Each structure stands twice: as C-alpha cells, then as structure tokens.
Amino acid sequence: MERNAGPGRSEIPKSPAEASFESRNVGCISILGLVLIYQLFGYPTPRLHVGASNPLFPTVTNDPQQRLLLDKSSLAGAVRRVAVEICQLNQGHEQIALIGIHKRGVPLARRLAAEIQSLSTAEVLVGSIDITQYRDDLAMMKMVPKLEGSDISFSIDDANVVICDEVIFTGRSVRAALDELLDHGRPARVQLAVLVDRPGREFPIQPDYVGIRIEPGPHERVAVRFEEVDGQDAVFVQPSTPAK
Amino acid sequence: MTPRKDLLDIASLTDEEIEFILSNAVPFKDLFKRSVKKVPTLKGRTMLTLFYEPSTRTRSSFEVAASRLSADVTHFDLDSSSVVKGESILDTVETLEAMRVDYIVVRHKQSGIPNLIAKNTAASVINAGDGWHAHPTQALLDAFTLREVFKDLRGARCLIAGDIQHSRVARSTSLLLRRLGMNVAYLAPGSLMPKGTPEEIPCFGNWTDALEWKPDVVYLLRVQSERLEEPFFPNAAEYHKYYGLTDARVQILRERGIYLMHPGPVNRGVEITDRGMDYEKSLINQQVENGIAVRMSVLYWLRPGAE
C-alpha cells in the first residue's frame with residue numbers, strides 16, 4: 001500500500017533519524033555560499049544529527065512527537081542557499097524559468113525567484129504545475145483530488161527550467177511533473193530544486209539543488225510549512241498519519 | 245471528493261459534487277490552449293458510446309473529452325448491430341460487460357434506460373439524454389458557460405424559450421441553474437408549456453412579456469423537426485414569427501446586452517435566424533467548447549465500480 005501511495009509524501013521511510021546539512025555540491029559552493037551557511041547555522045560540520053535533544057533544534061510545538069528541523073530563519077537560509085547554487089550553475093543563461101509543483105513547490109519557486117533576482121541579472125520566470133492528472137496512483141486513491149490547474153504563462157520551448165518541490169522522496173511527483181512539462185513544450189534543459197531531500201527513491205531521479213537532507217525514522221514524515229499556504233514557515237518531522 | 249459510479253441526472257448530485265465538477269472543468273479547459281491537449285489521466289480505460297437516438301454533437305463531444313483524457317474510445321454502432329435484429333438492451337449491456345468497457349455513455353428516447361443499464365453493469369454510466377427526463381452534462385456545461393460570463397450566478401435571470409414540454413435540456417438546465425441561485429422563466433406556446441411547472445418559474449406566452457421580465461440570458465431550445473408534424477405547431481414559419489428569435493428580437497437583445505444560448509444543433513429560420521447566429525453576445529460556440537471540458541471533468545470524477 002505504502003509503495004503505491006506515490007508521488008509521495010506519506011510513505012514509510014527505511015532508516016533511523018538522521019539529518020545533514022551537507023549540500024550535494026559542497027565542493028563547488030562559493031565562499032559566499034559557505035559564509036551563508038556559517039552565518040545561518042553557525043555550524044560548520046556538514047553532517048548534523050537532528051533529534052529532540054539537539055539544542056539547536058528544540059521541540060517547540062505542542063505535539064511532543066513533532067520535531068522542528070528548520071525554523072523561519074533557517075528555512076529562509078536554506079532557500080537562499082539553493083538560490084545561490086541555481087545562480088552559479090546557470091551562469092551565462094539569460095533566463096531561468098522556475099516551475100513549482102502544487103502545492104508547496106509553488107511558494108518555494110516564488111521565494112527562489114525573489115532571491116535569484118537579487119543575486120543575478122537573469123530574467124526569472126515563475127510558473128506552477130498541478131501534476132494530479134499525471135499521477136500514477138489516481139485510480140487507487142479513495143478520494144478524487146480537486147484540480148488546481150497549471151499556470152505557465154510563458155513558452156517553455158528552449159527554456160532553461162528548474163522544477164521546484166518542497167520534498168523529494170520517491171521521485172514519483174517529479175516523474176509526473178516531467179511528463180506534464182513536456183506536454184507544455186520542449187525545454188532546453190530541466191533541473192530540479194528541492195528544499196528537503198529524503199532518501200527512498202523509486203525512480204532514477206535526483207535533485208540538482210537541495211536545501212537540506214533529512215533521513216527521518218520509520219513511520220515519520222517530513223512536513224514543510226510555508227507561510228503563504230500554512231501560515232507559518234517551518235520544516236518538521238512528524239509521525240506519519242495512517243494512509244487515507 | 246468521493247467518486248461516484250454513474251451520472252444519471254442533476255437531481256441526484258449534491259451541491260458539493262456540482263461545485264467539484266464545475267471547478268475542475270476550469271483546468272481541463274486550460275489544456276486546450278496547450279500544444280499537447282491531452283493528459284494521461286484515463287490511460288488504458290475504455291469509453292463506449294451507446295446512442296439509441298441519433299446525435300452528432302453530444303457523442304463527438306464525449307469522444308473528444310475521453311480522447312483528451314487518453315481513454316480509448318469506441319462506438320457501439322446500433323444501426324448495423326444486433327439491436328436491429330432484436331437484441332434487448334440488457335443483452336447488449338452484458339456484451340459490453342464482457343468487453344470490459346469502463347465508461348458507457350447512453351442516449352435513449354425512453355426515460356430511465358440509463359438507470360436500468362447502470363444497475364446492470366459495473367461500468368460507469370453517463371446519461372447523455374433519456375427521453376424528456378434528463379441531460380445532465382448539457383446542464384453542467386450550460387452552468388459552466390454562464391459562470392464564465394457572470395461571476396456570481398445568484399440573482400441572474402435566464403429565460404428558456406421553446407419546446408419546454410419535450411425538452412430534457414430545459415428540465416436539467418433549469419433545475420441546475422435554479423440550484424445555483426439563478427432565476428429561470430419559460431417562454432413557450434401553451435401547448436408546449438409543461439403542466440405543473442414549479443411556482444417560482446414565471447411562464448410567458450409571448451416575447452413582449454418575457455422580455456419585460458428583464459432576462460440576462462435567453463436560452464433558445466431546438467425545435468425538434470419531427471414534432472413539426474405534430475399538432476403542437478401550426479408550421480415552422482408561424483413558430484418563428486411568434487416564438488423564434490427574429491432579427492427584430494436579436495436587435496432587442498443587442499440593445500439590452502442580453503446573452504444568447506442554444507444547446508444545438510440549431511434550425512435556422514425556425515427558432516433562430518442567420519443574424520441570431522452571428523450575434524456577438526451568443527455563447528453557442530463557447531457552449532460547445534465548454535462541453536468537452538465539463539465532460540472531461542465528469543469522466544475524471546466518476547469511477548467504474550464505485551459504490
């Protein structure tokens with residue numbers, strides 16, 4: 001069942017709680033990026049075990065089982081870091097199209113766009129896609145999801161696209177997003193930016209930009225909260241609710 | 245939203261289900277602007293159209309809708325089939341069941357046939373018009389079209405003109421528009437005005453009175469040519485003069501900014517004129533386009549085998 005719950009946010013993870021702030025591209029992060037990391041986290045070690053007892057990440061919610069991984073300012077820092085990397089790896093491109101996956105990939109794309117605009121002279125376009133019609137598990141879902149619709153008001157033919165999503169886990173959402181994107185046009189290049197990378201891939205799909213890597217315990221899920229959608233900026237690890 | 249197996253009429257839909265269908269139709273319509281106008285949502289499913297009454301528009305609208313959802317589409321050709329040879333409807337349904345069809349779109353001249361079929365198959369059944377009873381997808385596409393024009397349907401006025409008595413379109417559309425808060429009135433010759441019309445629907449016998457009611461939309465019904473031989477109408481010219489949308493009446497609509505709708509196909513010279521067809525506030529083509537989006541939305545929501 002859990003396997004099929006795809007493109008998913010509700011599957012059972014496999015490994016014990018562990019998290020790291022290391023970036024996939026640590027080697028090529030600029031001085032600026034490193035400075036940002038030091039400033040934001042004051043913590044030079046790339047690997048960081050996160051737990052309820054960690055003084056850096058106190059449990060501040062009413063739910064004792066819910067652990068805060070990123071608060072408002074550290075979430076902003078992670079977004080900024082991803083934006084810096086996007087700028088670095090897209091140097092020389094006049095245009096970057098950020099396309100957020102509904103629902104929380106959309107605020108992520110908007111925030112990345114704002115950061116990139118302050119860092120680069122490239123033209124930044126923002127769109128959104130609702131992957132519901134491309135999901136591989138629609139017929140298995142008990143409820144039929146309401147459609148939000150996609151909003152890409154520019155041509156993506158020959159565009160330099162960065163798909164944005166808040167969490168990558170199985171990779172099924174991204175598979176669906178890629179399929180949908182190709183029905184909108186033929187981009188020159190497609191990259192993937194996520195705020196949280198969680199192991200558990202079921203497809204050969206990897207992000208190009210990662211805000212934070214987390215390996216939560218079994219029966220835990222990663223919950224990203226954005227003010228625009230949820231009224232609060234935070235990343236939690238919480239017990240996964242039983243599949244509906 | 246919980247999926248349902250069948251869509252047989254408007255009356256059995258909840259307000260939430262109506263809203264779900266209409267709001268999901270918006271992103272489906274947005275697909276039509278893309279280079280690839282289809283989504284893989286119903287890949288591997290089969291939709292079959294079973295039309296015991298002739299229809300081109302509704303059938304092709306369903307077929308386009310299903311194709312854009314990547315379903316396979318097939319048509320049960322009744323003219324050349326064993327139906328002509330006397331096969332009963334339920335025998336036909338049994339055959340379709342064996343073919344493992346997922347969606348069956350039915351039109352029949354007798355009310356209630358889609359319900360009968362729905363009870364005897366695991367496939368999802370969509371009523372595409374049964375007798376005088378119902379034509380729910382037409383009503384939904386009409387409501388969707390009106391919602392594109394009026395942000396809020398509540399309080400808007402729709403005058404339905406023509407053969408109300410024999411019209412399943414009038415029945416379903418009128419019911420749905422009223423549920424969405426619109427005011428509905430009828431304009432028809434006395435012989436074609438249904439008995440027992442609900443009190444809240446004003447009934448008019450001529451255009452002058454009907455236009456004084458200040459409609460925002462005039463919804464013309466098709467005069468069914470087969471009925472022209474029946475005693476309801478003296479003849480087409482007479483119908484046109486008294487109940488059709490003449491050029492002079494088109495001018496009145498224009499002056500008052502009244503929108504025009506028609507379920508199609510139109511009879512030029514009977515309920516409408518060439519000028520009426522060219523009227524700039526006609527929503528007729530929009531209705532056709534929206535019909536595909538709304539039917540996609542219905543197919544998306546229904547689920548074969550659901551409770």
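Protein sequence lines correspond, in order, to chains A and B. If you count by my numbering, then the first sequence holds residues 1 to 244, one letter each, in order. If you count by my numbering, then the second sequence holds residues 245 to 551, one letter each, in order. Note that CB positions come from ideal geometry on N, CA and C, so glycine has one too. Quick caveat, the model's predicted, so the values are computed rather than measured.
(message) For chain B, check one thing: does any of its Cβ atoms lie closer than 8 Å to the Cβ of residue 233(A)?
(response) Sequence index remark: in the first sequence, residue 233(A) carries index 233 (1-based). Closer than 8 Å: no.
(request) Identify the continuous beta strand (DSSP E) that holds residue 351(B) and give its terminal residues. (result) For this step, residue 351(B) is matched to residue 107 along the second sequence. Run containing residue 351(B): 347 to 352, per the beta strand (DSSP E) assignment.
(message) Quick check: is the beta carbon of residue 544(B) nearer than 8 Å to any beta carbon in chain A?
(response) Numbered from its first residue, the second sequence carries residue 544(B) at position 300. Output row for residue 544(B): interface = yes.
(request) Rank 201(A), 186(A) and 106(A) by C-alpha distance to the C-alpha of residue 98(A) and give the top, closest one. (result) The residue you call residue 98(A) lines up with position 98 of the first sequence. When each option's Cα is compared against that of residue 98(A), the closest is 106(A).
(request) Pick helix, strand or coil for residue 542(B), following the three-state DSSP scheme. (result) Counting from one through the second sequence, the residue named residue 542(B) turns up at place 298. Note: residue 542(B) maps to helix in three-state DSSP.
(message) Is any non-hydrogen atom of the ligand MG found closer than 7 Å to the C-beta of residue 521(B), if you look at the structure I gave you?
(response) By its list of ligands, the structure shown contains no ligand whatsoever, and the ligand MG lies outside what it can speak to.
(request) Just the chain B side, please: which residues come within less than 7 Å of residue 124(A) by C-beta, in chain order? (result) Translated into the one-based positions of the first sequence, residue 124(A) becomes position 124. The premise fails here: residue 124(A) is roughly 22 Å from chain B at the closest Cβ pair, so nothing lies under 7 Å.
(message) So, with DSSP's three-state summary, where would you put residue 368(B)?
(response) Translated into positions along the second sequence, residue 368(B) becomes position 124. Strand at residue 368(B).
(request) For residue 138(A), return the contacting residues in chain B, with the cut-off set at a CB-CB distance below 7 Å. (result) As a first step, residue 138(A) must be located in the first sequence, where it is residue number 138. Near residue 138(A) (Cβ distances below 7 Å), the residues of chain B are 285.
(request) Identify the continuous alpha helix (DSSP H) that holds residue 229(A) and give its terminal residues. (result) Position 229 of the first sequence, counted from the first residue, corresponds to residue 229(A). Unbroken alpha helix (DSSP H) run through residue 229(A): 227 to 230.
(message) Just to make sure I have the definition right: I need the residues of chain B whose C-beta is within less than 8 Å of the C-beta of residue 130(A). Which are they?
(response) Here residue 130(A) refers to the residue found at position 130 of the first sequence. Those are 271, listed as they occur along chain B.
(message) In whole angstroms, give me the CA-to-CA distance for residue 265(B) and residue 132(A).
(response) Stepping through the second sequence from its first residue, residue 265(B) is reached at position 21. Stepping through the first sequence from its first residue, residue 132(A) is reached at position 132. Rounded to the nearest angstrom, the two C-alpha atoms are 15 Å apart.
(message) Considering only their Cβ atoms, is the gap separating residue 130(A) from residue 149(A) smaller than 8 Å?
(response) Counting from one through the first sequence, the residue named residue 149(A) turns up at place 149. Counting from one through the first sequence, the residue named residue 130(A) turns up at place 130. Their beta carbons are under 8 Å apart, which means residue 149(A) touches residue 130(A) by this criterion.
(request) Indicate the three-state DSSP secondary structure (helix, strand or coil) for residue 286(B) in the structure shown. (result) In the second sequence, residue 286(B) corresponds to position 42, counting from 1. It is coil, neither helix nor strand.
(request) With a 10 Å radius around its C-beta and 16 neighbouring C-beta atoms as the bar for buried, classify residue 334(B) as buried or exposed. (result) Here residue 334(B) refers to the residue found at position 90 of the second sequence. So residue 334(B) ends up on the exposed side.
(message) Would residue 252(A) pass as an interface residue toward chain B - the criterion being a Cβ-Cβ separation below 8 Å?
(response) Residue coverage of chain A in this structure runs from 1 to 244, which leaves residue 252(A) outside it and unanswerable.
(request) Go through its chain and collect everything with a Cβ distance to residue 534(B)'s Cβ below 8 Å, but skip five positions before and after it. (result) Walking along the second sequence from the start, residue 534(B) turns up at place 290. Here the set comprises 269, 273, 385, 388, 389 and 392.
(message) Suppose the cutoff is 7 Å on Cβ atoms and the five residues either side in sequence are ignored; what does the same chain contact list for residue 281(B) look like?
(response) Translated into positions along the second sequence, residue 281(B) becomes position 37. Around residue 281(B): 275 and 312.
(request) Using three-state DSSP, classify residue 138(A) as helix, strand or coil. (result) One-based indexing of the first sequence puts residue 138(A) at position 138. If DSSP states are grouped into helix, strand and coil, residue 138(A) belongs with the helices.
(message) At the level of alpha carbons, what is the spacing between residue 118(A) and residue 76(A)?
(response) For the purposes of this step, residue 118(A) is identified with residue 118 of the first sequence, where counting begins at 1. For the purposes of this step, residue 76(A) is identified with residue 76 of the first sequence, where counting begins at 1. Going from the Cα of residue 118(A) to the Cα of residue 76(A) covers about 14 Å.
(request) Please list the partners that residue 184(A) has in chain B, where partner means a Cβ-to-Cβ separation under 8 Å. (result) Residue mapping note: residue 184(A) aligns to position 184 of the first sequence, counting from 1. Near residue 184(A) (Cβ distances below 8 Å), the residues of chain B are 278, 279 and 280.
(message) Counting only C-beta atoms, is residue 147(A) closer than 8 Å to chain B at any point?
(response) Counted from its first residue, the first sequence places residue 147(A) at position 147. At least one chain B Cβ lies under 8 Å of residue 147(A).
(request) Specify the secondary structure class of residue 180(A) as computed by DSSP and reduced to three states. (result) The residue you call residue 180(A) lines up with position 180 of the first sequence. Helix, per DSSP.
(request) Over the uninterrupted alpha helix (DSSP H) stretch that includes residue 319(B), give me the two end residues. (result) Counted from its first residue, the second sequence places residue 319(B) at position 75. From DSSP, residue 319(B) is part of no alpha helix (DSSP H) but of the beta strand (DSSP E) over 316 to 319.
(request) Determine, using beta carbons only, whether residue 534(B) comes closer than 8 Å to chain A. (result) What you label residue 534(B) is simply residue 290 of the second sequence in a count that begins at 1. Not an interface residue.
(request) Would you kindly check if the distance between the Cβ of residue 205(A) and the Cβ of residue 171(A) is under 8 Å? (result) Stepping through the first sequence from its first residue, residue 171(A) is reached at position 171. Stepping through the first sequence from its first residue, residue 205(A) is reached at position 205. Yes, the Cβ-Cβ distance between residue 171(A) and residue 205(A) is below 8 Å.
(message) Out of 173(A), 139(A) and 128(A), which one is the CA nearest neighbour of residue 203(A)?
(response) Position 203 of the first sequence, counting from 1, holds the residue named residue 203(A). When each option's Cα is compared against that of residue 203(A), the closest is 173(A).
(message) Once the 5 residues before and after residue 494(B) are set aside, which same chain residues still bring their CB inside 6 Å of it?
(response) In the second sequence, counting from the first residue as 1, residue 494(B) sits at position 250. Excluding positions up to five away in sequence, the list reads 519, 520 and 523.
(request) Run down chain A in chain order and give the residues with a C-beta less than 7 Å from the C-beta of residue 247(B). (result) The residue given as residue 247(B) occupies position 3 in the second sequence. Simply 144.
(message) I'd like to check one pair, residue 424(B) with residue 397(B): are the Cβ atoms closer than 8 Å?
(response) Within the second sequence, the letter at position 153 stands for residue 397(B). Within the second sequence, the letter at position 180 stands for residue 424(B). Going by C-beta atoms, residue 397(B) is nearer than 8 Å to residue 424(B).
(request) Count the other CB atoms, across all protein chains shown, that sit within 10 Å of the CB of residue 91(A); report buried if there are 16 or more and exposed otherwise. (result) For the purposes of this step, residue 91(A) is taken as residue 91 along the first sequence, with counting starting at 1. Classification for residue 91(A): exposed.
(message) Can you pull the chain B neighbours of residue 133(A), defined as C-beta to C-beta under 9 Å?
(response) Here residue 133(A) is taken as the residue at index 133 of the first sequence, counted from 1. Ordered by position in chain B, the residues that pass the 9 Å Cβ test against residue 133(A) are 271, 272, 275, 283, 284, 285, 313 and 544.
(request) Put residue 386(B) into one of helix, strand or coil per three-state DSSP. (result) Your numbering for residue 386(B) matches position 142 in the second sequence. In this structure, DSSP gives residue 386(B) a helical state, which the three-state scheme calls helix.
(message) Against residue 264(B), what residues of chain A qualify as contacts under a CB-to-CB distance less than 9 Å, listed in chain order?
(response) Taking the second sequence and counting its residues from 1, one reaches residue 264(B) at position 20. Ordered by position in chain A, the residues that pass the 9 Å Cβ test against residue 264(B) are 144 and 146.
(message) Do residue 488(B) and residue 516(B) count as a contact pair if the criterion is CB distance below 8 Å?
(response) Taking the first residue of the second sequence as 1, we reach residue 516(B) at position 272. Taking the first residue of the second sequence as 1, we reach residue 488(B) at position 244. Yes, the Cβ-Cβ distance between residue 516(B) and residue 488(B) is below 8 Å.
(message) Can you list, in chain order, the residues of its chain with a C-beta nearer than 7 Å to that of residue 78(A)? Leave out the 5 residues immediately preceding and following it.
(response) By 1-based counting over the first sequence, the position of residue 78(A) is 78. Apart from the 5 residues on each side of it in sequence, residue 78(A) sits with its Cβ closer than 7 Å to the Cβ of 70, 195, 211 and 212 in its chain, given in chain order.
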